[in-house]
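Colleague: Before anything else, here's the structure in question.
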Amino acid sequence: MGAGDLDEQLRNLVHQLDREASAYSNATVDESACAEWACSRATAHTVSAAWKCALRAYDAAGGLPSGPHCNFEHDYIVSPSVDGSAKALVSTIVTPVDANNEFLPALVVAVRGSASKVDHMVNANSEPRSALSFIGRSVDAHSGFLNSAKALDRIVSDRMGLHIRAHQSNTHIIFTGHSAGGAVASLLFLRHLSNQDGGETSHLPGPRPIRADVPSGSAVRLSCITFGAPPVVALPLEPASFSHLRPLGLRLNIINEFDVVSRADRLYMLCLVNLLRSLYGRPALLDDAGSDKSAGGSESMDPKAGGPVAESSGHYVEHPRSGKVWPVPPLLYHHVGARVLLLMRLDGDQLRLKAFEVPGDKFEQLLFCRVAVHRRACYSDRIRRLEAGELDAQAGRPDVSPSPTSSGLTWESAPGSIRS
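In the numbering used here, the protein residues as written are 88 to 507.
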């Protein structure tokens, strides 16, 4: 059997999985259970600028981005290491065309998603590992992404220090990336939040350019905007808890509805395998701990009795109000900051963009298994709609300003494959 035949088989399996998942009510976002995302024009333009920088990380030699709302200036390029431990990175200085944008100018630090077999090997190293020495909190993180963040830390610190000294006050640093790059960017964001904290993290090893180089009275803001990133830390962390002295910017995980990578961890992928196996009447596979309860296994909840009921092969739950639900495992890892899901819905005869902020307890119930929506082209289309004000046009508002408490405030896929 040739490679072409294997690719075709994989494509068919992916399509079959997607068709089967669509039969379950938890395969789509329940809009009634989530808050509509209030996105100001400044936020939309900043998210768009971050996305363009994240794209640039895949092709740094291809020139600078452009757009009607922002100007882009090259800062620095980091090539990936041979062993894949250090991912490619590009830093770009972004300035606004409109002086009213509260989030710009900024230095945007973009980490590239996976673009090689070595990158995928790093991503597959998903065992939890203590991140205490890196972010100053007693929490585990995805080993592969943590190793990548550590490998990039010194060069990122150097670039930040140079930028801060050059701009003195009111400096804004935005960490970003698509797919695995977003996961690494999230850890770098937490690292530098912890370096700003004068308390429990003062013992952390490594450079601290933010504390060492910021003149007295200056205000350095840190933001993190990721796109289709997998979760990375084993506990939900609120970035605001890291620093009481520095202002925070945006903390957003932009996720296309159905994007499988946004839930990618070992137990979740096993859950999808068991969904496929159920089509052929095969028993569920067990997880490494010898239990299948959290991997779409043979125990599910009886909606009437409220307790587990054994099933031979179907493994779904029939809820009186919501219909069939395929049980998915709880999150092994969590995103950093709010999850904003971008949805495409029919409005008359046209597809329109909608956006909802989805809380963690709702997000971990979702059955996402689509590969195509993780592609950069798909994110580019939805971010273009966001930048053009499609959300504002639907809501009938010229602008929405974020509240002070608002959090908004690749596995790039070729046909039949999951890649960054």
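Don't be surprised by glycine CBs; every beta carbon is placed ideally from N, CA and C. Just so you know, these numbers come straight off a predicted model, no measurement behind them.
Return yes when at least one heavy atom of the ligand NAP lies under 7 Å from the C-beta of residue 276, else no.
Modeller: Looking at this structure, you won't find the ligand NAP or any other ligand, since it has none at all.
Colleague: Please look up how many angstroms separate the CB atoms of residue 178 and residue 196, rounded, as I've assumed it's under 8 Å.
Modeller: About 5 Å separates the two Cβ atoms, so the contact holds.
Colleague: According to DSSP, simplified to helix, strand and coil, what is residue 310?
Modeller: The answer is strand: DSSP assigns residue 310 an E or B state.
Colleague: Ends of the beta strand (DSSP E) at residue 181?
Modeller: That run of the beta strand (DSSP E) goes 176-183.
Colleague: Let me know the beta strand (DSSP E) ranges lying completely inside the region 410-475, each 3 residues or longer, listed in chain order.
Modeller: Taking only runs of at least 3 residues, the beta strand (DSSP E) segments lying wholly in the region 410-475 are 410-412, 425-434 and 437-444.
Colleague: Return the first residue and the last residue of the alpha helix (DSSP H) that residue 236 is part of.
Modeller: Start and end: 230-254.
Colleague: Apply the 10 Å Cβ neighbour rule to residue 122 and answer buried if 16 or more other Cβ atoms are within range, or exposed otherwise.
Modeller: Exposed is the call here.
Colleague: At which residues does the alpha helix (DSSP H) containing residue 324 begin and terminate?
Modeller: Segment: none, residue 324 is in no alpha helix (DSSP H) and carries neither H nor E.
Colleague: Taking 8 Å as the threshold (C-beta atoms), are residue 143 and residue 155 in contact?
Modeller: No.
Colleague: Less than 7 Å between C-beta atoms, sequence neighbours within five positions excluded: which residues of the same chain meet that for residue 323?
Modeller: Counting only Cβ-Cβ distances below 7 Å, and skipping sequence neighbours, we find 421 and 447.
Colleague: If you count every other CB in all the chains shown that lies within 10 Å of the CB of residue 367, and 16 or more means buried, which is it?
Modeller: Label assigned to residue 367: exposed.
Colleague: Can you give me the C-alpha to C-alpha distance between residue 149 and residue 477, rounded to a whole angstrom?
Modeller: Each residue's Cα considered, the two are about 29 Å apart.
Colleague: If residue 280 sits next to residue 326, beta carbons under 8 Å apart, how far is it from one beta carbon to the other, in whole angstroms?
Modeller: With a Cβ gap of about 6 Å, residue 280 and residue 326 count as contacting.
Colleague: I need the DSSP call for residue 95, collapsed to helix, strand or coil.
Modeller: If DSSP states are grouped into helix, strand and coil, residue 95 belongs with the helices.
Colleague: Name the DSSP bridge partner or partners of residue 160?
Modeller: In the DSSP output, where bridge partners are listed per residue, residue 160 has 180.
Colleague: Nearest CA to the CA of residue 199: which residue from 191, 226, 139 and 253?
Modeller: Nearest C-alpha to residue 199: 139.
Colleague: Would you decide whether residue 365 is buried or exposed? Buried here means 16 or more other CB atoms lie within 10 Å of its CB.
Modeller: The residue is buried, with at least 16 neighbouring Cβ atoms inside 10 Å.
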